[in-house]
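Asks: Starting off with a structure, shown below.
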Amino acid sequence: MYAQVRGTGGLRDVTWGVPAVILVVCGLFGIGAYWLDPGIARTTLLEVDAQGSLGVPVGASAPVREYDVLVEHPGVEHELFVSPTLGDSGGEADGAVELHVQLVDPAGRVLVDQPLLLEPECRRTSGCGWQDWTAPFTPTTAAAHRLAVTVVTVDVPAVHLLVTDPEKTDGPWT
């Protein structure tokens with residue numbers, strides 16, 4: 001548009017079709033992204049980038065990161081998502097990551113107890129990272145549950161944790 005105005009000198013001579021189509025398409029993409037994200041954000045019980053094992057000396061005990069997950073709808077299948085990330089390190093995944101994930105209810109019943117070995121995977125647009133892992137679980141009590149993630153592999157910058165409840169409708173907008 002700028003080139004057209006600069007070349008002809010008047011706004012009446014500008015071809016408005018292509019810029020208008022671009023503006024409409026971009027607006028529709030923005031509206032679509034807005035509609036998708038709030039749906040996910042509003043079902044979130046816990047979302048955190050947990051500190052990994054960066055800087056932990058080889059041979060030292062593996063760091064355990066613990067979080068409270070406040071369950072509001074017992075009897076409903078929830079979802080736990082775990083994804084080791086490179087954070088802001090700017091590197092790439094060069095080997096498998098070993099983790100242990102455990103979710104325990106207030107009575108001490110174990111809902112999830114899973115050792116994980118997540119291999120590197122390379123995506124076209126975002127370089128090489130690690131595989132994600134997802135597990136369904138159904139809590140029986142509306143109370144705080146304890147999520148513990150043990151990062152066994154040394155030099156993993158962070159682990160993204162997400163717990164969702166499909167019946168929750170008032171989660172934080174992120």
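Residues 1 to 174 (full-length UniProt numbering) make up the sequence shown, in order. Just so it is clear, CB atoms sit at the ideal spot from N, CA and C, and this is done for glycine as well.
Cα separation between GLY87 and GLY129?
Replies: One C-alpha to the other measures close to 10 Å.
Asks: Under three-state DSSP, which class holds LEU86?
Replies: If DSSP states are grouped into helix, strand and coil, LEU86 belongs with coil.
Asks: The ligand FMN and ASP113: does the residue's C-beta get closer than 6 Å to at least one heavy atom of that ligand?
Replies: Looking at this structure, you won't find the ligand FMN or any other ligand, since it has none at all.
Asks: In this structure, how does DSSP classify LEU117 when only helix, strand and coil are distinguished?
Replies: Strand.
Asks: Counting C-beta neighbours from all protein chains within 10 Å, is the total for GLY52 16 or more, i.e. buried, or is it exposed?
Replies: GLY52 is buried by the Cβ-count criterion.
Asks: Tell me the residue span of the beta strand (DSSP E) that contains GLU47.
Replies: Start and end: 44-51.
Asks: Please classify VAL56: does DSSP put it in a helix, a strand, or coil?
Replies: VAL56: coil per DSSP, three-state reduction.
Asks: Compute the Euclidean distance between the alpha carbons of LEU117 and GLU98, then round it to the nearest angstrom.
Replies: Roughly 5 Å between the two C-alpha positions.
Asks: Mind checking whether VAL163 and LEU70 have CB atoms under 7 Å apart?
Replies: Not a contact, by the Cβ cut-off of 7 Å.
Asks: Just checking, does the region 106-113 make contact with the region 56-69 on the three C-beta pairs under 8 Å criterion?
Replies: No, the region 106-113 does not touch the region 56-69.
Asks: Let me confirm a value: PRO84 is counted as buried when at least 16 other C-beta atoms fall within 10 Å, else exposed. Which label applies?
Replies: Under this definition PRO84 is a buried residue.
Asks: For the candidate residues GLU167, VAL112, ALA96, ASP132, whose alpha-carbon lies nearest to that of GLU119?
Replies: The residue with the shortest Cα to Cα distance from GLU119 is ALA96.
Asks: Using 10 angstroms around the beta-carbon of PRO157, count the other beta-carbons present and answer buried if the total reaches 16, otherwise exposed.
Replies: The residue in question, PRO157, is buried, as its Cβ has 16 or more Cβ neighbours within 10 Å.
Asks: Taking the alpha-carbon of GLN102 as reference, which of ALA60, LEU80, GLU72 has the nearest alpha-carbon?
Replies: Checking every option, the nearest Cα to that of GLN102 belongs to LEU80.
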